[in-house]
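**Q**
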Amino acid sequence: MPGHLSELPAELIAGYAEISASTLGHLGRTGYLPELKPAVAGTRLLGRVVTVRIPLPHGALLREALIASRPGDVLVIEAVGDPHCACWGELRTLAALIKGLAGVVVSGAITDIQAIRRLGLPVFHHGISAVTTQGGEALGELNVELQLGETLVCAGDLALGDDDGLFILSPARAAALLPLAQAKEAADQARRAQLLQRLSKGR
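The sequence shown runs contiguously to residue 203 in UniProt numbering.
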């Protein structure tokens with residue numbers, strides 16, 4: 001049965017629109033998922049988390065997870081079992097794009113990497129494999145707590161990722177960090193402008 005999916009204030013998500021992953025990394029490691037890498041160069045992922053846990057090689061529950069998601073959500077998948085069994089590929093990426101998802105995080109392998117890169121949906125993953133899931137019964141759990149490395153991930157959290165890495169923050173931590181992150185971005189922007197001006201004068 002699906003668990004509870006809490007609301008994440010739209011204004012909180014919007015507040016992170018110009019925040020980079022490295023800015024969050026400057027403020028601490030909490031919520032950082034270093035083992036997950038982006039499949040698409042130039043990626044930018046930001047949205048409310050929807051969680052799903054599936055027992056490999058069964059992947060049928062991902063269809064229900066996509067149905068339960070809303071446009072702008074980030075689907076976070078804990079794939080339990082064979083690390084070389086991919087649960088996400090081209091067709092599910094197309095379905096996610098039709099749904100309007102902001103991105104997908106797979107604690108496991110993905111497949112169809114060229115198609116995923118071509119389609120451009122932000123996807124973070126552990127690795128790439130040609131071995132894939134099977135159909136059948138929709139086994140697993142939807143909108144439950146996931147333990148991904150050192151990070152507890154809950155439905156309704158905030159996911160933020162780019163080429164430098166991925167963070168998943170609880171709503172309370174996201175709210176607490178936002179003013180600090182915005183101040184850091186503003187300071188970096190001012191310092192960047194100063195350095196670029198000096199660089200241009202030196203040429």
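Here a beta-carbon is modelled for each residue, glycine too, at the ideal position from N, C-alpha and C.
Just mark Arg70 as buried or exposed, buried being the case when its beta carbon has 16 or more other beta carbons within 10 Å.
**A** On the sequence shown, position 70 is the one that residue 70 refers to. Arg70 should be labelled exposed.
**Q** Whose C-alpha, out of Leu66, Pro179 and Leu180, is nearest the C-alpha of Leu97?
**A** As a working mapping, residue 97 is identified with position 97 in the sequence shown. Comparing Cα positions, the closest option is Leu66.
**Q** I think Gly129 touches Ala79, with their Cβ atoms under 8 Å apart; what is that distance to the nearest whole Å?
**A** Here residue 129 refers to the residue found at position 129 of the sequence shown. Here residue 79 refers to the residue found at position 79 of the sequence shown. For the sequence presented, residue 129 should be read as Ser rather than Gly. That belief does not hold up - the Cβ atoms of Ser129 and Ala79 are roughly 11 Å apart, past 8 Å.
**Q** With DSSP as the reference, label Leu177 as helix, strand or coil.
**A** Within the sequence shown, residue 177 is the residue found at index 177, counting from 1. If DSSP states are grouped into helix, strand and coil, Leu177 belongs with the helices.
**Q** For Pro9, is the classification buried or exposed, using 16 other Cβ atoms within 10 angstroms of its Cβ as the cut-off for buried?
**A** In the sequence shown, counting from the first residue as 1, residue 9 sits at position 9. That one is exposed.
**Q** Does the beta-carbon of Glu137 have 16 or more other beta-carbons within 10 angstroms, so that it is buried, or is it exposed?
**A** Working through the sequence shown from its first residue, we reach residue 137 at position 137. It counts as exposed.
**Q** Which first and last residues belong to the beta strand (DSSP E) in which Ala86 is found?
**A** The sequence position of residue 86 within the sequence shown is 86, counting from 1. That run of the beta strand (DSSP E) goes Cys85 to Trp88.
**Q** Can you tell me which of the three DSSP states Pro55 falls into?
**A** As a first step, residue 55 is located in the sequence shown; it is residue number 55 there, counting from the start. In this structure, Pro55 counts as strand in the three-state DSSP scheme.
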